[in-house]
Structure formats: structure tokens, C-alpha cells
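Protein chains: 2
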Amino acid sequence: MFAEFEKYIREQAPVTDGDIKLFRETAIERTIRRKDLLLQAGEICRYKTFVSKGFLRTYRTTENGNEHIMQFSPENSWITDPESFENFTPSVYNIEALERSEVVMWTKKDFNYLFDNISGLKAYSDKLISRNLHRTRERVFSALSSNAEEKYDEFIKTYPGILARVPLHMVASFLGVSRETLSRIRHAQVKQ
Amino acid sequence: MFAEFEKYIREQAPVTDGDIKLFRETAIERTIRRKDLLLQAGEICRYKTFVSKGFLRTYRTTENGNEHIMQFSPENSWITDPESFENFTPSVYNIEALERSEVVMWTKKDFNYLFDNISGLKAYSDKLISRNLHRTRERVFSALSSNAEEKYDEFIKTYPGILARVPLHMVASFLGVSRETLSRIRHAQVKQ
DNA sequence: CGAAAACGAGGACATAAGTCACCGTTTTAG
DNA sequence: CTAAAACGGTGACTTATGTCCTCGTTTTCG
Numbered sequence: 074m075f076a077e078f079e080k081y082i083r084e085q086a087p088v089t090d091g092d093i094k095l096f097r098e099t100a101i102e103r104t105i106r107r108k109d110l111l112l113q114a115g116e117i118c119r120y121k122t123f124v125s126k127g128f129l130r131t132y133r134t135t136e137n138g139n140e141h142i143m144q145f146s147p148e149n150s151w152i153t154d155p156e157s158f159e160n161f162t163p164s165v166y167n168i169e170a171l172e173r174s175e176v177v178m179w180t181k182k183d184f185n186y187l188f189d190n191i192s193g194l195k196a197y198s199d200k201l202i203s204r205n206l207h208r209t210r211e212r213v214f215s216a217l218s219s220n221a222e223e224k225y226d227e228f229i230k231t232y233p234g235i236l237a238r239v240p241l242h243m244v245a246s247f248l249g250v251s252r253e254t255l256s257r258i259r260h261a262q263v264k265q
Numbered sequence: 074m075f076a077e078f079e080k081y082i083r084e085q086a087p088v089t090d091g092d093i094k095l096f097r098e099t100a101i102e103r104t105i106r107r108k109d110l111l112l113q114a115g116e117i118c119r120y121k122t123f124v125s126k127g128f129l130r131t132y133r134t135t136e137n138g139n140e141h142i143m144q145f146s147p148e149n150s151w152i153t154d155p156e157s158f159e160n161f162t163p164s165v166y167n168i169e170a171l172e173r174s175e176v177v178m179w180t181k182k183d184f185n186y187l188f189d190n191i192s193g194l195k196a197y198s199d200k201l202i203s204r205n206l207h208r209t210r211e212r213v214f215s216a217l218s219s220n221a222e223e224k225y226d227e228f229i230k231t232y233p234g235i236l237a238r239v240p241l242h243m244v245a246s247f248l249g250v251s252r253e254t255l256s257r258i259r260h261a262q263v264k265q
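Quick mapping for you: the protein sequence lines, in order, are chains A and B.
Be aware that the first sequence starts at 74, since it is given in the working numbering, and climbs by one per residue.
Be aware that the second sequence starts at 74, since it is given in the working numbering, and climbs by one per residue.
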């Protein structure tokens with residue numbers, strides 16, 4: 074698990090062996106079985122998590138029980154609920170493993186320590202956050218301006234590979250469209 | 074214009090007189106007439122902008138000419154297109170003054186200088202970004218889970234005061250709902 | 001391995017919301 | 001000040017999408 078993280082971070086940022094040592098000393102490794110939760114709504118999200126293997130989803134439930142997927146997290150991506158992580162407030166999100174997954178996690182205290190002691194880490198983190206904000210904005214725009222088919226097409230373009238890995242109803246839940254509508258769109262597209 | 078900014082920033086963060094001096098030396102003040110653009114799609118967003126007076130909207134246009142409002146910015150708020158500002162890439166957004174407005178702006182170079190020389194400014198900026206990300210996520214969730222009436226109600230709760238300041242069709246454009254639907258919802262709510 | 005669950009497709013029907021058109025009132029700008 | 005534009009409301013009609021259901025296939029897991 075940490076090995077995958079080391080490989081990833083060395084490719085992403087110019088880290089020294091000493092940096093890696095710091096990462097390792099503070100890291101918590103964990104394996105999550107399929108269908109198990111890494112975070113449950115109501116809990117405080119205590120970790121910043123790197124997915125070294127597997128696949129997870131972050132979803133949120135309305136009062137009447139509808140699930141809406143906010144994010145898919147394949148290997149080599151980060152997961153956290155920034156709101157909860159930063160302020161120690163209960164999260165509204167559930168994070169569930171869709172496949173058996175392996176993750177590496179850091180507490181807020183430790184990650185702050187890493188920020189102070191690994192040069193460039195904060196800048197790298199800032200870049201990820203701004204990328205995330207950008208994608209989230211694009212998603213808002215898509216929600217405002219696109220019909221179901223356009224949303225589907227944009228999804229495939231923006232997140233290639235995800236479609237093949239999750240059941241259709243989860244793509245539907247991510248897009249805010251019914252499973253049936255998506256199924257029909259796809260059928261129509263095969264034809265032409 | 075700078076006076077309003079000074080008042081704002083002193084309330085928000087513990088800044089010294091020296092800090093204020095730095096802010097002032099690098100600030101560019103500008104007045105924008107109603108209906109004029111602060112930024113036009115295709116241009117690079119060269120400034121981080123503080124609204125000291127007035128009211129602006131950030132919107133984006135689809136190929137077939139539909140406008141979608143991404144953000145409203147009343148006085149004491151910040152505007153920029155982070156994507157464009159950070160990477161010097163052409164923006165897809167238009168920023169238009171809905172009322173005669175006064176703004177204070179800083180270039181990227183100058184603002185970076187401020188980050189390096191005003192203690193706590195980066196942390197303050199980070200907090201604004203995370204607040205922004207949180208709101209944007211809430212908006213995505215709302216788009217996924219709410220019908221037109223719920224979106225309208227949430228809008229009023231989340232952005233009180235905006236409704237009274239903009240024509241209804243702009244609220245509709247922000248929510249991704251037609252003007253007529255909003256008009257009917259509102260009528261129905263008055264009745265009961 | 002085999003029963004049970006999950007899944008994708010598709011038909012029939014319901015409905016929330018969009019579109020178009022019109023009108024009276026208010027606001028804007030020359 | 002006045003003509004033109006913008007605005008909000010509303011009726012009539014259309015439509016994209018949701019909901020409910022059934023069915024055959026695939027996947028899961030004890």
C-alpha cells in the first residue's frame with residue numbers, strides 16, 4: 074500500500090528520501106473489503122486518504138433515502154471530506170469501497186506536520202484542490218446546461234474508465250438522471 | 074474603494090498597518106458601469122478582485138447562446154476565475170456588473186507578493202477557497218437531489234438578499250430552471 | 001456449486017418542467 | 001419626459017425524464 078503511494082508521489086512531486094520517510098512514519102495503512110464503509114455519515118472524517126488500490130465512492134443520502142454519488146475514487150486518487158476534516162464536524166457523506174481497496178491515511182495533525190516539513194507539499198495539495206474546484210464547477214455548469222445525453226457524454230469524456238467499472242445505476246446517481254433514462258440513451262447511441 | 078476593502082480586511086483577519094500599506098501599494102481601483110464587463114470570455118482573467126461596492130454576476134454561455142449564471146458577487150466578496158488566473162488560460166466566463174460597481178484588483182504577481190509578505194493572508198485565502206468548494210459541492214448536491222421548488226427554497230436560505238436584488242430570470246438561470254417555473258412556484262407559495 | 005441478489009433492457013404510463021405566446025406594469029436610458 | 005426595453009405573471013400545449021413493472025442474464029457469496 075505505502076509502496077504504491079511512494080511510486081505515485083515520486084512521480085507527482087520532487088520528493089526526497091527524507092520526505093518519504095516522513096510520509097511513511099505518519100501513514101496508516103488499511104484494507105477495506107468490498108461494501109464496507111471508510112466513512113459513515115455522522116462521523117467525523119479524521120483522515121486524508123490516498124487510494125493505492127481499489128475503488129471507492131462518496132455518496133450522500135436525502136431524508137427520503139435517495140442516494141446521490143458525489144465522487145468516484147479509483148486508485149491513485151485522494152479522498153476526504155474537507156469540511157469535516159478541517160473543522161472536526163460530522164460528515165454528511167458515506168465513503169464506501171466498491172471493490173476491495175487498500176488505502177493510506179494521515180490524520181490532520183500529521184498531515185499538517187508534513188506540510189511544514191516537506192517542501193512543496195502544500196503547493197501540490199493546493200493544486201489538487203484547485204483542480205477539484207474546477208471539476209466541481211464544470212459539474213455545476215453541466216447540471217445547468219445539459220440534458221441527460223449530454224451529461225452522459227461529458228461523463229465518459231471526463232472520467233474515462235469509470236463507466237466500465239461501476240454499474241449503470243451508479244453513473245445515473247452521479248449524473249442526477251434515472252437508470253432507465255441512461256439505459257435508453259445508451260441504446261439509442263449504439264444504434265446510430 | 075480601497076477604504077471599504079481596508080474596513081473589510083481588518084474585520085476578517087488580524088492585519089497590521091504595514092500590511093494595509095502593502096495592499097494599498099499594489100491595488101488597482103476601478104469603477105464599472107452597469108452592464109459593463111469586468112471580464113469577457115476568451116480573455117485571461119488577470120486579477121483577483123474584491124467588490125467594495127455594487128453587484129456583479131459571473132456567467133457562461135453555451136454554443137447555442139444560453140446563459141448560465143455561476144455566481145453572484147455583492148459587495149464584500151471576491152471574484153476571479155481561478156482556472157484562468159492561475160494558468161493564464163483564456164476564461165470561459167463573463168463577469169458583468171449588474172449595478173454600478175467599485176472594485177479593487179490585484180495581479181497574480183502582486184498577490185503572490187502579498188502572500189509572501191502578509192502573514193496569515195495565505196491561510197485566510199485558503200479558508201475562502203475551501204468555503205467556496207463547499208458551497209459549490211452543495212450546489213451539485215442540490216442539482217442532483219432537489220426539484221425546482223426545493224432549489225428555490227435553498228437558494229433563498231443560502232443567499233438571502235440576492236433575490237431582492239436581481240430579476241427573477243437570473244435566479245432561474247442560476248438554478249437551472251425556467252423563469253416561468255420559478256414564477257409559478259413563487260405564486261403557489263404566496264397562496265398557502 | 002447453486003440460490004439469491006444485482007443488473008441491464010425495455011414497455012406503459014405519469015408528471016414536472018420547458019416552451020411559446022400574450023399582457024399589463026415597471027424600469028431604463030436617450 | 002417619453003418611447004423602448006425589461007420584467008413578472010399566466011394560460012395552453014409539448015416534451016424530456018421519472019416511475020413502475022416485468023424479464024432474462026450475470027454476478028455474488030455462503
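All C-beta atoms, glycine included, are put in the ideal place defined by N, C-alpha and C.
Predicted, not measured: the structure shown is a model, and the values here were computed from it.
#### Entry: Unbroken beta strand (DSSP E) run spanning Q144/B, endpoints
Per DSSP, the continuous beta strand (DSSP E) segment holding Q144/B begins and ends at E140 to P147.
### Message
Beta carbons nearer than 8 angstroms to chain A: which residues of the segment 200–212 of chain B have them?
### Response
Within the segment 200–212 of chain B, the residues whose Cβ lies closer than 8 angstroms to some Cβ of chain A are I202, S203, N205, L206, H207, T209, R210 and R212, listed in chain order.
### Message
Going residue by residue through the segment 222–250 of chain B, where are the continuous alpha helix (DSSP H) segments of at least 4 residues, counting only ones entirely within it?
### Response
Those alpha helix (DSSP H) runs which fall completely within the segment 222–250 of chain B and span 4+ residues are 241–248.
### Reference Q113/A, options H207/A, T153/A, K182/A and S203/A, closest by Cα
Of the listed residues, the one whose Cα sits closest to Q113/A is T153/A.
### Message
By the three-class DSSP mapping on this structure, what secondary structure does I202/A have?
### Response
Of the three classes helix, strand and coil, the one that applies to I202/A here is helix, per DSSP.
### Query
Is the number of C-beta pairs between the segment 84–102 of chain A and the segment 156–170 of chain A that are closer than 8 angstroms three or more?
Segments in contact, no.
### Query
Since L217/B meets chain A, which of its residues come closer than 7 angstroms, beta carbon to beta carbon?
Ordered by position in chain A, the residues that pass the 7 angstroms Cβ test against L217/B are H141 and G249.
### Query
Between F184/B and chain A, is there a C-beta pair that is closer than 8 angstroms?
For F184/B, not one C-beta of chain A is nearer than 8 angstroms to its own C-beta.
#### Entry: Contacts of R133/B in chain A (Cβ-Cβ under 7 angstroms)
The contacting residues are F214.
### CA nearest to the CA of G269/A, picked from A76/B, S218/B and R130/B
A query on residue 269/A cannot be resolved here, the shown segment of chain A reaching from 74 to 265 and no further.
### Task
Taking only the alpha-carbon atoms, compute the straight-line gap between S146/A and T131/A and give it to the nearest angstrom.
Straight-line spacing of the CA atoms in S146/A and T131/A works out to 8 angstroms.
### Query
Where do the ends of the alpha helix (DSSP H) carrying L187/B lie?
Per DSSP, L187/B is one residue of the alpha helix (DSSP H) stretching across K181 to N190.
### Query
Near M74/A, what residues of its chain come up, given a Cβ to Cβ distance below 6 angstroms and the 5 sequence neighbours on each side ignored?
E102, S125, E175 and V177, listed in sequence order.
### Task
Could you tell me which residues DSSP pairs with M178/A in its beta bridges?
Under the DSSP definition of a beta bridge, M178/A partners with I101/A and T122/A.
### Message
So for R155/B, helix, strand or coil by DSSP?
### Response
Contrary to the premise, residue 155/B reads as Pro rather than Arg in this sequence. Reduced to three states, the DSSP call for P155/B is helix.
### Task
Using a Cβ cut-off of 8 angstroms, pull out every chain B residue sitting near E159/A, in sequence order please.
In chain order: S203.
### Task
Could you work out which residues of chain B lie near P155/A, taking near to mean beta carbons separated by less than 8 angstroms?
Near P155/A (Cβ distances below 8 angstroms), the residues of chain B are S203, L206 and H207.
#### Entry: Residues bridged to E169/B (per DSSP)
According to DSSP, E169/B shares a beta bridge with L110/B and R130/B.
### Task
Measure the C-alpha to C-alpha separation of K195/B and R83/B and round it to an integer number of angstroms.
So the two alpha carbons sit approximately 15 angstroms from each other.
### Task
Grab me the residues of A245/B's own chain with a C-beta within less than 8 angstroms of its C-beta, minus the 5 sequence neighbours each way, in chain order.
Excluding positions up to five away in sequence, the list reads S251, R252, T254 and L255.
### Task
Excluding the 5 residues preceding and the 5 following E222/A in the sequence, name in chain order all residues of the same chain whose CB lies nearer than 6 angstroms to its CB.
Correct list, in chain order: I258.
### Query
Straight-line CA distance for A216/A to I229/A?
Approximately 15 angstroms between the Cα atoms of the pair.
### Distance between beta carbons of G193/B and A86/B, contact taken as under 8 angstroms
Confirmed, Cβ separation roughly 6 angstroms.
### Query
If you count every other CB in all the chains shown that lies within 10 Å of the CB of E169/B, and 16 or more means buried, which is it?
The C-beta of E169/B has 16 or more other C-beta atoms within 10 Å across all chains shown, which makes the residue buried.
### Task
With DSSP collapsed to three states, give me the class of S218/A.
Under the three-state reduction of DSSP, S218/A is assigned to helix.
#### Entry: Pair within 8 angstroms by beta-carbon distance, I202/B and T162/B
No, the Cβ-Cβ distance between I202/B and T162/B is not below 8 angstroms.
### Query
Of all the options D183/A, R238/A and L206/A, which has the alpha carbon lying nearest to the alpha carbon of Y120/A?
It is D183/A whose Cα lies nearest to the Cα of Y120/A.
### Query
Mind checking whether the beta-carbon of A100/A lies closer than 7 angstroms to any heavy atom of the ligand SAH?
Among the components of this structure there are no ligands whatsoever, and the ligand SAH is therefore not found.
#### Entry: CA nearest to the CA of V239/B, picked from M143/B, E172/B and L110/B
Nearest neighbour of V239/B by Cα position, chosen from M143/B, E172/B and L110/B, turns out to be E172/B.
#### Entry: Spatial distance of Y186/B from L110/B (CA atoms)
Straight-line Cα distance between these residues: approximately 27 angstroms.
#### Entry: Inter-residue Cα distance where the pair is G115/B and R212/A
Approximately 20 angstroms between the Cα atoms of the pair.
### Task
Can you tell me which of the three DSSP states S256/A falls into?
In the three-state reduction of the DSSP assignment, S256/A falls in the helix class.
### Message
Quick test of your reading: R133/A and Y81/A, contact by CB under 8 angstroms. State the CB separation rounded to the nearest angstrom.
### Response
Contact check for R133/A and Y81/A: beta-carbon distance about 27 angstroms, past the 8 angstroms limit, so the pair fails to qualify.
### Query
Buried or exposed: which applies to K108/A, given that a residue is buried once 16 or more other Cβ atoms fall within 10 Å of its Cβ?
Counting every other CB atom within 10 Å of its CB across the protein chains shown gives K108/A a total below 16, marking it as exposed.
### Message
Just to confirm before moving on: does the CB-CB distance between I142/B and F247/B stay below 8 angstroms?
### Response
It is a contact, given that the beta carbons lie within the stated cut-off.
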